[in-house]
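Residue numbers (the numbering used here): 1 to 259.
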């Protein structure tokens, strides 16, 4: 059994062949009175779990609730000694007491360097590195930063699912929310955070008002004000910027095709 904590949306059941796996996704904070764990079967070997927690809870209560939901999941799903796969050190705060056969830390970014990063993140990463049996890094710079902090660190740079995105060359129809946007279009999908050069985007929009920008991905709190200003400017410049929290992979294919 595999138990992945805060797995990315692109992680699919291809890696789960022959193994029952549960992906514990990021917490969804809502205006609700109760906490619960939504389980959504994706395939025979893959289930996605999304914790739903009242947004009114304080930080300590959120961690306690996440821990309780995860313990209940392990008990009800008969999860014992799983392969415990972490994508963020923050999950250590509620998953540190799970007994695992193997612990993997898949380090996708230098999260502690992000603007407004939680102050405890660096300490939690230290704890995770101490416990992990295996560490992967999402690039060579991350590998260089981590290789002296653990005896088994391996670089796995970002790659492209060629077969998946090749489908965009087959002539897919425009999504409804993009059909009315004129060409040429400049598309981006990924996390929208402080690493995005909003000043450059503003400059390009000013110089080329005939270009239309479609930006898809989760928007970090640290950049929401900049995104609002950028969206206001680009809209007034007769270009188009649209941001949303999620988009089906088929929509990403269509975006590739429509550019």
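By construction, the Cβ of each residue, glycine as well, lies at the ideal position given by its N, Cα and C atoms. Since the model is a prediction, treat every value here as computed from it, not as a measurement.
With a contact defined as Cβ atoms closer than 8 Å, residue 121 and residue 98 miss out at about 20 Å. Secondary structure at residue 104: strand, using DSSP grouped into helix, strand and coil. The shortest CA-to-CA distance from residue 108 to any of 206, 143 and 164 is the one to 143. In this structure, DSSP gives residue 63 a helical state, which the three-state scheme calls helix. Look at residue 126 here: in three-state DSSP terms it is helix. Per DSSP, residue 165 lies in no beta strand (DSSP E); the unbroken alpha helix (DSSP H) holding it starts and ends at 162 to 166. Here residue 90 carries a helix assignment [DSSP, helix/strand/coil]. Between residue 156 and residue 188, the beta carbon gap of about 23 Å keeps them out of contact (Cβ cut-off 8 Å). According to the DSSP assignment, residue 137 belongs to no alpha helix (DSSP H) but to the beta strand (DSSP E) extending over 134 to 137. The shortest CA-to-CA distance from residue 90 to any of 164, 62 and 163 is the one to 62. For residue 145, the secondary structure class from DSSP, reduced to helix, strand or coil, is helix.
Here residue 155 carries a strand assignment [DSSP, helix/strand/coil]. Counted as a single uninterrupted DSSP element, the beta strand (DSSP E) harbouring residue 40 occupies residues 36 to 43. With contact defined as three or more Cβ pairs closer than 8 Å, the stretch 74 to 88 and the stretch 99 to 106 are in contact. Here DSSP, grouped into helix, strand and coil, assigns residue 191 to coil.
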